[in-house]
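The structure appears below as structure tokens.
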Amino acid sequence: MTKRWLPWSAMALLVVGSLAIAGADGGGERTVAGRVDAIAAEVRCPTCEGLSVAESESAASRTIRDDIRRRVEAGESDGEIRAYLVSRFGKDILLRPEATGVSGLVWALPVVVGVFALAGLVVAFRRSRARTAVELSDDDRVLVEQARRGR
Amino acid sequence: MNAAVGLGAVFLAFLSAVAGVAVLTTGLVRNRPTLLRTGRVYVWLVLGGAVVATLAMQRALLTHDFSMRYVAEHNARATPTLYSITGMWSALEGSILLWGLVLAGYLAVAVRHFRHRAADPLVGWATVTGLLVAVFFFGLMLGPANPFREVAGAIPVDGRGPNPLLQNHPLVAFHPPMLYLGYVGFTIPFAFAIAALITGRVGEGWLVETRRWTLFAWGFLTAGIGLGAWWSYEVLGWGGFWAWDPVENVSFLPWLTGTAFIHSVMVQERRAMLRVWNLSLLVATFSLTILGTFITRSGVLTSVHAFSESAIGPLLLGFFAVAVAVSIGLIGWRGDRLRSPGAIDSPVSREGAFLANNVAFAAFAFVVLLGTVFPLLAEALGEDKISVGRPYFDRMTMPIALALLFLMAVAPALPWRKASGDLLHRRLLWPAWAGTAALVACVAFGLRGLATLAAFGLGAFAAAAAVRQLVLATRRQGWRGLIGRTNGGMVVHLGVVVIAVAFAAAQSYGHRGEFRLSPGQSAVLAGHRITYLGVEDKQYANRNAVEAMVRVDDDGVFRPALNRFPFAREAIGTPSVRVGGFEDVYLTMISAPRTADGEAVIAVVVQPLVVWLWIGGGLMAVGTLMAALPGRRRRPTEPASATVPAADDPPEPVAVEAAV
């Protein structure tokens, strides 16, 4: 019995170890280009539908990208740059809805519904296990026997 | 002429559908088998009307009959033949006609398939339901979405031609019809579900009848979505394939609920559980196809697909509401018969895994639906205009997608009813090692990003689990082992894993750059040398193009272009892609040089594994086909679910196929 858990613990160790290495390596100094890309990916292209400023090559997108780059180089924080874009284009320029106010609902609702669904699932499992087994009569057993002999 | 014939044919189809509903309903209510047998003739009349209307439309498009408004607005003398044909689904009215044709086709095939059971009330009510849907769509064509309306005033000399994006790539001939074959295909299982509720025969019979119909509809929808992603990659020029655009989302929604259904339906066939849930999933899938059409066609949400907007929005929304209300009413009415006799013994079992799968797919669909319509909700709640885009969908769907990959790895190894630890150990050990090895190798090769690494590891785990099943099945049955629902399903799983891994890699490890180059100059991006050689002007029938010649590494010259179409304000780019097994180099021309030796601006996107998205899609299609072919028949006396022996191993589930 103990032997069975050996390979699984080894696997768990390897998985946790490699994820830890990958996670620790991910950080480091953020470059200007990296920050510009990260912000641009969450800004909507004002003239095309459904694309971010990072993906789109339209003139408006390039202007906004250059603007973001200038502001990053001037030392503004990500939050300041976003606030500036909102003041200039309106809230819907950001592709990631805010986590506060009405738009917070879009983040919270799936979590709430998910928790309820999982709770429902647990209750369903519990209840169906608690249900007493069906009583088999002798007639039922005979029927099953006949069917099995018939194969 | 074309308009008169077309409109007459639509009228014929509409009247036949109405008459069919009337005759069949009378036959069903008064219990007259003869009426039921004659009633289905009307389905063939509907099909006849739809075919004639389609032919009239095609004739008008091919002969450039500009007396018809639809042709004048979506066709031109210079439009190439292929794009004249596809013009039928380049805008709203023609798309509804395509919908009507596909629906009539499905109904006719269904009526023929069940011809020996025409007097069966289940088949009768299903036909009535299908015909009612046909009444709605052909009614639309007689009213606000009339494709055969004539132009007001003088007949124009030339038309405006299709939207430039829709006459730019041959994929436009395949993506919309595939999608519609998928959308409309769900009408048949939906019709049988309604019929089962009306007749009270809510057992498993109707499910077995419609299983293959559902599978085909699902396969077409999968292919349609995949081709749409491919079209987006080849035409739109941003280097991506999935933008979480509202219209992509609404085509994805019925796919999610449909996928949940084809899994959970197995629990009902096997253990007679989840009846209400399965009915709800089918109803949801059908109504989401209607909602999808509403969102595509009403313009409530702006999208790249808003090729046409019109006043049929409220009608579609009304039809959606009626379909949902009637279905919920029927499910409530039959509530007592829908109670399931079975019970789930243990969450660690096949049925438990299917249930978890369904919760995950339902959550996925909920997130996508909520994110898509949330800007409307927020506005209704008095909030400022907001956007919900890729950052939201990526963040919210990623954990669900990883959970689904994990389930895909574990579930095929689980037996029905209950699994023992020993059994799990034996069945999962080497797939789990495959996943671990993949993860360790990726980290060792320097790949970073926790979610992406998790996708790779779980993907390898799931792929190994699917391969294990297939190996066991073919060892037992030879090539026959690849056929049938369980093992065809494993091939589909392999396709899903390939897509998931390619998607994660392309999203995480792509590079973008934009270069201003004079002829002969080079730039380097992600190890690829891009050399701009010059431009060429080309004249085509429907457009003028400026093509840049760009050498990638030393592999040949690629030609990203800028096209000018008549009636289009802006130039439309055509990307050019160097496709590779490991990575794609994707080129677009942002601006053409003013003079022959001036500077051109070339955008370059380097993304790994993109080609595997299309290969994975093909694998899913092949798997679906294999799953639809009949597998080994299970003897009716074989116990549906084995009891769990204390020490012994229950038979592997691979070889067992439900009788069809």
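Sequence lines, in order, name chains A and B.
Each residue of the first sequence is one higher than the one before, starting from 111 at the first, in my numbering.
Each residue of the second sequence is one higher than the one before, starting from 3 at the first, in my numbering.
Where a beta carbon is used, it is the ideal one built from N, C-alpha and C, also for glycine.
Given the structure is predicted, the values throughout are model-derived calculations rather than measurements.
Paired residues, beta bridge with residue i - DSSP
i	result
M591 (chain B)	B:I604
A550 (chain B)	B:V537
Q270 (chain B)	Q270 (chain B) pairs with nothing; no bridge assigned.
R518 (chain B)	B:V603
T36 (chain B)	Partner(s): none; T36 (chain B) has no beta bridge.
H513 (chain B)	B:V608
G204 (chain A)	For clarity, residue 204 (chain A) is Leu in the given sequence; the question names Gly instead. Partner(s): A:V153.
T563 (chain B)	Per the sequence shown, the amino acid found at residue 563 (chain B) is Ala instead of Thr. A563 (chain B) is bridged to B:E549 and B:T576.
R531 (chain B)	B:V526
D586 (chain B)	B:Q609
M70 (chain B)	B:E152
S162 (chain A)	A:R154
Any chain A beta carbon closer than 8 Å to residue i
i	result
V442 (chain B)	yes
H177 (chain B)	no
T81 (chain B)	no
R392 (chain B)	yes
W279 (chain B)	no
W233 (chain B)	no
V445 (chain B)	yes
S510 (chain B)	no
M410 (chain B)	no
V306 (chain B)	The predicted position of V306 (chain B) is uncertain, since its pLDDT is 47 and thus under 50; a value taken from the coordinates is nonetheless stated next. By this cut-off, V306 (chain B) is an interface position.
L372 (chain B)	yes
Contacts around residue i, its chain only, beta-carbon distance under 6 Å, and the 5 residues preceding and following it disregarded
i	result
V587 (chain B)	H530, V554, R580 and V608
R154 (chain A)	I203 and L205
S329 (chain B)	V285
I574 (chain B)	P166 and N565
P35 (chain B)	A121
V306 (chain B)	At V306 (chain B), the pLDDT of 47 sits below 50, so the modelled position is not reliable and the matter cannot be decided from this model.
A345 (chain B)	none
A506 (chain B)	T454 and A457
G490 (chain B)	G625, M628 and A629
L9 (chain B)	F150
Residue-chain proximity (residue i, chain B), Cβ-Cβ < 8 Å
i	result
L246 (chain A)	no
F235 (chain A)	yes
S119 (chain A)	no
S197 (chain A)	no
S171 (chain A)	no
D202 (chain A)	yes
G133 (chain A)	yes
E255 (chain A)	no
G224 (chain A)	yes
V126 (chain A)	no
A227 (chain A)	yes
Close-in-space but distant-in-sequence residues of the same chain around residue i (CB under 7 Å, 5 per side omitted)
i	result
P641 (chain B)	Any answer about P641 (chain B) is weak, because its pLDDT of 48 lies below 50 and its placement is not dependable; what the coordinates show is given next. Counting only Cβ-Cβ distances below 7 Å, and skipping sequence neighbours, we find nothing.
I292 (chain B)	L318, F321, F322 and A325
E516 (chain B)	I592, V603 and A605
K540 (chain B)	A547 and E549
A508 (chain B)	Q609, P610, L611 and V612
H495 (chain B)	M410, A464 and A468
E211 (chain B)	F194
Check: residue i C-beta below 7 Å from any heavy atom of the ligand NAP
i	result
L94 (chain B)	The ligand content of the structure shown is nil, which means the ligand NAP is not present either.
Cut-off 8 Å between Cβ atoms - residues of its own chain near residue i, not counting five sequence neighbours on either side
i	result
V552 (chain B)	I532, T533, Y534, L535, V559, F560, R561, P562, S578, L589 and I604
V526 (chain B)	I532
A362 (chain B)	I402, A405, L406 and L409
E236 (chain B)	H171, L173, P577 and V579
Supposed contact pair residue j and residue i - C-beta distance, whole angstroms, cut 8 Å
i	j	result
L378 (chain B)	A456 (chain B)	So it is not a contact: roughly 33 Å between Cβ atoms.
L1 (chain B)	G126 (chain B)	For chain B, the structure presents residues 3 to 662; residue 1 (chain B) sits outside this window and is missing.
L231 (chain A)	L357 (chain B)	7 Å
TODO: Would you be able to state if there are at least three C-beta pairs under 8 Å between the stretch 64-84 of chain B and the stretch 161-169 of chain B?
DONE: The stretch 161-169 of chain B, when compared against the stretch 64-84 of chain B, does touch it at the 8 Å Cβ threshold.
Task: Given 8 Å, three or more beta-carbon pairs between the stretch 385-403 of chain B and the stretch 426-438 of chain B - done: Using a C-beta cut-off of 8 Å, the stretch 385-403 of chain B makes no contact with the stretch 426-438 of chain B, since fewer than three inter-stretch Cβ pairs fall below that distance.
- [ ] Would you be able to state if there are at least three C-beta pairs under 8 Å between the stretch 316-336 of chain B and the stretch 186-200 of chain B?
- [x] Contact between the stretch 186-200 of chain B and the stretch 316-336 of chain B is present, with at least three C-beta pairs closer than 8 Å.
TODO: Count the CB pairs spanning the stretch 281-290 of chain B and the stretch 402-419 of chain B that are closer than 8 Å, and state whether there are at least three.
DONE: The stretch 281-290 of chain B, when compared against the stretch 402-419 of chain B, does not touch it at the 8 Å Cβ threshold.
TODO: Could you tell me whether the stretch 51-62 of chain B touches the stretch 99-110 of chain B, where touching means 3 or more Cβ pairs closer than 8 Å?
DONE: The answer is yes - the stretch 99-110 of chain B touches the stretch 51-62 of chain B, with three or more Cβ pairs under 8 Å.
- [ ] State whether the stretch 446-456 of chain B contacts the stretch 411-428 of chain B, with contact taken as three or more CB pairs (one from each stretch) at a distance under 8 Å.
- [x] Contact between the stretch 446-456 of chain B and the stretch 411-428 of chain B is not established, with fewer than three Cβ pairs separated by less than 8 Å.
Open item on the list: Is it the case that the stretch 362-381 of chain B contacts the stretch 229-240 of chain B, given that we only count it when at least three CB pairs across the two stretches are under 8 Å?
Closed with: Because the criterion of three Cβ pairs below 8 Å is not met, the stretch 229-240 of chain B and the stretch 362-381 of chain B do not touch.
Open item on the list: Three Cβ pairs or more, each shorter than 8 Å: is that satisfied between the stretch 260-269 of chain B and the stretch 153-167 of chain B?
Closed with: Between the stretch 260-269 of chain B and the stretch 153-167 of chain B, the count of Cβ pairs shorter than 8 Å is below three; the stretches do not touch.
Open item on the list: Contact between the stretch 182-189 of chain A and the stretch 166-174 of chain A is defined here as three or more beta-carbon pairs at a separation below 8 Å; is this criterion met?
Closed with: With the cut-off at 8 Å, the stretch 182-189 of chain A and the stretch 166-174 of chain A do not touch.
Task: Three or more C-beta pairs below 8 Å linking the stretch 202-221 of chain B and the stretch 180-189 of chain B - done: By the Cβ test, the stretch 202-221 of chain B is in contact with the stretch 180-189 of chain B, since at least three Cβ pairs between them sit closer than 8 Å.
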